[in-house]
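Visitor: Below is a structure I'd like to ask you about.
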Amino acid sequence: MRFLTCVAACALGGALPAVAQTPNPADWPAVLEQARGQTVYWHAWGGDPRINAFIAQVGEVLSERHDVTLEHVRLADTADAVTRVVSERAAGRDTGGAVDAIWINGANFASMKDQGLLFGPFAYDLPNWPLVDTDANPAVEIDFTLPVEGYGSPWAMFQMVFEYDSRAVPEPPRSLDALRAWIAENPGRFTYPQPPDFLGTSFLKQALYGVLDDPSVLLGPTDAVDYDTVTAPLWAFLDEITPNLWRSGRAYPANEPALGQLLADAEVDIGFSFNPGRASAAIADGELPDTIRTMVFDDGTLANSSYLSIPYNAANKAGALVLANLILDPQIQALAQDPAVLGFQTVLGMDRLAPEDRARFGALELGIATLAPDAMGTGLLEPHPSWMTRVAEDWTARYGTAE
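Those letters in the sequence shown? Residues -20 to -1, 1 to 383, by mature numbering (1 follows the signal peptide of the UniProt record, and there is no 0).
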């Protein structure tokens, strides 16, 4: 694919000035040469020690193979990196930006793409792109209902799974209504991270799927529907369960690691994660009891992809391109899918791999708590990004007085 020039990219709504030595991802040998000696600052969530360790391993391979240094800028919120790029453009810093790559999806990706803050498109020109399974995993090209169009390279697939202690919950609830009943019967044994945390807001979106007769309205923007009428069943559901949550809904865990710790400490019996292999990895590390198992709702759970995107003003675009391609390497993808490392689902198609690379995945032990691929059920499309933003704001107005 021909690399999009500044003139075409400006149609996205942002100014992309011509910059000397802007790499052309279609000329990969030139990209590799330009990348040598660069230091890439990858702004990525830093709240999980396993993810931090994985990124460090990627950095080691990146240095050994390509003489590119990787610095992991650990974020509490991806929006912090987006704000940095926005501020740099406002200050006229259209070259030499501090952010070279971002782990991104959802509202943050939509915001940067709409404002013309992304470099590209580049993903389709990466040498490892033909290995990506776009047929079986259409979500790798559609992010929260919005076409990615090559402005982000997918590197991991995620689907919400509920984690439960099989000793305390021999028959886990497999629908939202069943969960509602279970919470009433087991007060204090369930909670969710406090919105606007990503996982906490994702629970609200999952709940919307469960309470709506026609959840297809979620695939369009909130201003295209009668928002108050659509969300009324959600607030009724939350009003009902809140008194029976952990700490009676007066406090909430801050994020996914905090929720996982409550499950580890037996303060709750059911948690959830967007990483189907997280529980098995935590069991292997001795952080969760070996009685923890995972399940999905019978009518499906939310699924999405994570992307690596490059800001329009990144100082080290060539190095960032090499990083994006390396993360799609079968060796790195298999490392990420190993439950002992991360347990992330690969974006690669097994039928697109060489026999030795297929063998890497075939040799992986999924772990005692990880569902087999054919047991993952339906992956529900993420709602339009506007739902995440508005529902989180309204949740805070209604329930955000936690201790």
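Each residue gets a CB set at the ideal place from its N, CA and C atoms; glycine is no exception. Treat the numbers as computed from the prediction; the structure is a model and nothing was measured.
Classify His364 as helix, strand or coil using the three-state DSSP reduction.
Guide: The residue labelled residue 364 in the question sits at position 384 within the sequence shown. Looking at His364 - three-state DSSP - the assignment turns out to be coil, as it is neither helix nor strand.
Visitor: I need the straight-line Cα distance from Pro365 to Ala119, nearest angstrom please.
Guide: In the sequence shown, the residue the question calls residue 365 occupies position 385. In the sequence shown, the residue the question calls residue 119 occupies position 139. Cα-Cα distance, rounded: 14 Å.
Visitor: Which first and last residues belong to the beta strand (DSSP E) in which Ala187 is found?
Guide: Here residue 187 is taken as the residue at index 207 of the sequence shown, counted from 1. Careful: Ala187 lies outside any beta strand (DSSP E), inside the alpha helix (DSSP H) at 178 to 191.
Visitor: Tell me, please, whether the stretch 224 to 233 touches the stretch 110 to 125 by the rule of three or more beta-carbon pairs shorter than 8 Å.
Guide: These segments do not touch.
Visitor: Here's the rule I'm using: 16 or more other beta-carbon atoms within 10 Å means buried, otherwise exposed. How should Gln1 be labelled?
Guide: Against the sequence shown, residue 1 aligns to sequence position 21. Exposed, since its Cβ has fewer than 16 Cβ neighbours within 10 Å.
Visitor: Secondary structure at Met92, three-state DSSP: helix, strand or coil?
Guide: Position 112 of the sequence shown, counted from the start, is the residue given in the question as residue 92. If DSSP states are grouped into helix, strand and coil, Met92 belongs with the helices.
Visitor: How would you call Gln18, buried or exposed, if buried means at least 16 neighbouring beta carbons within 10 angstroms?
Guide: In the sequence shown, residue 18 corresponds to position 38, counting from 1. Buried, since its Cβ has 16 or more Cβ neighbours within 10 Å.
Visitor: Give, in chain order, every unbroken run of the alpha helix (DSSP H) that is at least 4 residues long and sits entirely within the stretch 22 to 101.
Guide: Counting only runs of 4 or more, we get 29 to 46, 59 to 70, 86 to 94.
Visitor: For Arg378, count neighbouring C-beta atoms within 10 Å of its own C-beta (all shown protein chains included) and say buried if the count is 16 or more, exposed if not.
Guide: Within the sequence shown, the letter at position 398 stands for residue 378. When all chains shown are included, Arg378 counts as exposed.
Visitor: Note down the Cα distance separating Ala238 from Asp270, rounded to an integer number of angstroms.
Guide: Residue mapping note: residue 238 aligns to position 258 of the sequence shown, counting from 1. Residue mapping note: residue 270 aligns to position 290 of the sequence shown, counting from 1. About 19 Å.
Visitor: Any idea which residues DSSP pairs Val128 with across the strands?
Guide: On the sequence shown, residue 128 is found 148 positions in, with the first residue counted as 1. Partner(s): none; Val128 has no beta bridge.
Visitor: Pro291 by DSSP, collapsed to three states: which one?
Guide: Residue numbering aside, residue 291 sits at position 311 when the sequence shown is read from its first letter. Pro291: strand per DSSP, three-state reduction.
Visitor: Just the Cα atoms here: how many angstroms apart are Phe178 and Asn235?
Guide: Numbered from 1 along the sequence shown, position 198 holds the residue referred to as residue 178. Numbered from 1 along the sequence shown, position 255 holds the residue referred to as residue 235. For Phe178 and Asn235, the distance between alpha carbons rounds to 8 Å.
Visitor: Count Cβ pairs between the stretch 274 to 293 and the stretch 127 to 136 that sit closer than 8 Å; are there 3 or more?
Guide: Touching, yes.
Visitor: Is Gly357 helix, strand or coil by DSSP?
Guide: In the sequence shown, residue 357 corresponds to position 377, counting from 1. Note: Gly357 maps to coil in three-state DSSP.
Visitor: Please name the residue in Asp157, Thr49, Thr75 whose C-alpha comes closest to that of Asp279.
Guide: For the purposes of this step, residue 279 is identified with residue 299 of the sequence shown, where counting begins at 1. Checking every option, the nearest Cα to that of Asp279 belongs to Asp157.
Visitor: In or out: Asp145 buried (at least 16 other Cβ within 10 Å) or exposed?
Guide: Residue numbering aside, residue 145 sits at position 165 when the sequence shown is read from its first letter. Buried, by the Cβ-count rule.
Visitor: Of the choices Val48, Thr326, Pro213, whose alpha-carbon is the least far from that of Asp337?
Guide: Against the sequence shown, residue 337 aligns to sequence position 357. Residue Thr326 is the option with its Cα nearest to Asp337.
Visitor: What did DSSP end up calling Pro152 once you bin it into helix, strand or coil?
Guide: Reading the sequence shown from its first residue, position 172 is the one you call residue 152. If DSSP states are grouped into helix, strand and coil, Pro152 belongs with coil.
Visitor: Spatial neighbours of Gly86 within its chain, please: C-beta separation below 8 Å, excluding the five flanking residues on both sides.
Guide: In the sequence shown, residue 86 corresponds to position 106, counting from 1. The residues are Asp123, Phe124, Phe178, Asn284, Glu362, Pro365, Met368.
Visitor: Determine contact between the stretch 156 to 172 and the stretch 212 to 225, defined as no fewer than three beta-carbon pairs at a distance below 8 Å.
Guide: Taking 8 Å as the limit for Cβ pairs, the verdict is that the stretch 212 to 225 does touch the stretch 156 to 172.
Visitor: Using DSSP bridges, identify the partner residues of Ser227.
Guide: Translated into positions along the sequence shown, residue 227 becomes position 247. For clarity, residue 227 is Arg in the given sequence; the question names Ser instead. Arg227 is not bridged to any residue.
Visitor: Let me check understanding here. Comparing Cα to Cα, which of His52, Glu44, Glu40, Pro256 lies closest to residue 408?
Guide: As shown, the chain starts at -20 and ends at 383. That puts residue 408 outside it, with no answer to give.
Visitor: Would you mind stating whether residue 467 and Gln186 have Cβ atoms separated by less than 8 Å?
Guide: What the structure shows of the chain is the stretch from -20 to 383, and residue 467 is not part of that stretch, so it cannot be assessed.
Visitor: Quick one, which of Leu301, Glu267, Ile348 has its alpha-carbon nearest Ala81's?
Guide: Against the sequence shown, residue 81 aligns to sequence position 101. Nearest of Leu301, Glu267, Ile348 to Ala81, Cα basis: Leu301.
Visitor: Evaluate Val371 with the Cβ neighbour count: other Cβ atoms within 10 Å of its Cβ, from every protein chain shown; 16 or more gives buried, anything less gives exposed.
Guide: As a first step, residue 371 must be located in the sequence shown, where it is residue number 391. By the 10 Å Cβ count, Val371 comes out buried.
Visitor: Any chance the stretch 254 to 261 sits against the stretch 198 to 211, with 3 or more Cβ pairs inside 8 Å?
Guide: In short, these stretches do not touch, since the Cβ pair count stays below three.
Visitor: Could you tell me whether the stretch 239 to 247 touches the stretch 314 to 322, where touching means 3 or more Cβ pairs closer than 8 Å?
Guide: No, the stretch 239 to 247 is not in contact with the stretch 314 to 322.
Visitor: Quick one: what's got a C-beta closer than 8 Å to Arg45's C-beta in the same chain, skipping five residues either side?
Guide: Mapped onto the sequence shown, residue 45 falls at position 65. So the qualifying residues of the chain are Leu306.
Visitor: Just to confirm my understanding: we take Phe89, look at its own chain, exclude 5 residues before and 5 after, and list those with CB closer than 7 Å. What are they?
Guide: The residue labelled residue 89 in the question sits at position 109 within the sequence shown. Hits under 7 Å: Asp123, Gly132, Tyr287, Ser289.
Visitor: What does DSSP give as the partner residue(s) for Ala136 in the beta ladder?
Guide: Counting from 1 along the sequence shown, the entry for residue 136 is found at position 156. Per DSSP, Ser286.
Visitor: Is residue 396 helix, strand or coil when you go by DSSP?
Guide: Here the chain covers residues -20 to 383 and nothing more, so residue 396 does not appear.
Visitor: Just list the beta strand (DSSP E) runs in the stretch 295 to 365, keeping only unbroken ones of 3 residues or longer that don't cross its boundaries, in chain order.
Guide: List check, beta strand (DSSP E) in window: 359 to 361.
Visitor: Flag this pair as yes or no: are the beta carbons of Val65 and Leu97 separated by less than 8 Å?
Guide: Here the question's residue 65 lines up with position 85 in the sequence shown. Here the question's residue 97 lines up with position 117 in the sequence shown. A contact, by the Cβ cut-off of 8 Å.
Visitor: Checking 8 Å against the spacing of the C-beta atoms, do Asn296 and Arg69 come in under that value?
Guide: As a position in the sequence shown, residue 296 is number 316, starting the count at 1. As a position in the sequence shown, residue 69 is number 89, starting the count at 1. No; because the gap between Cβ atoms is not below 8 Å, this pair is not in contact.
Visitor: Give me the Cβ distance between Leu106 and Pro5, rounded to the nearest whole Å; I'm assuming they're in contact under 8 Å.
Guide: Counted from its first residue, the sequence shown places residue 106 at position 126. Counted from its first residue, the sequence shown places residue 5 at position 25. Correct: roughly 7 Å between the Cβ atoms.
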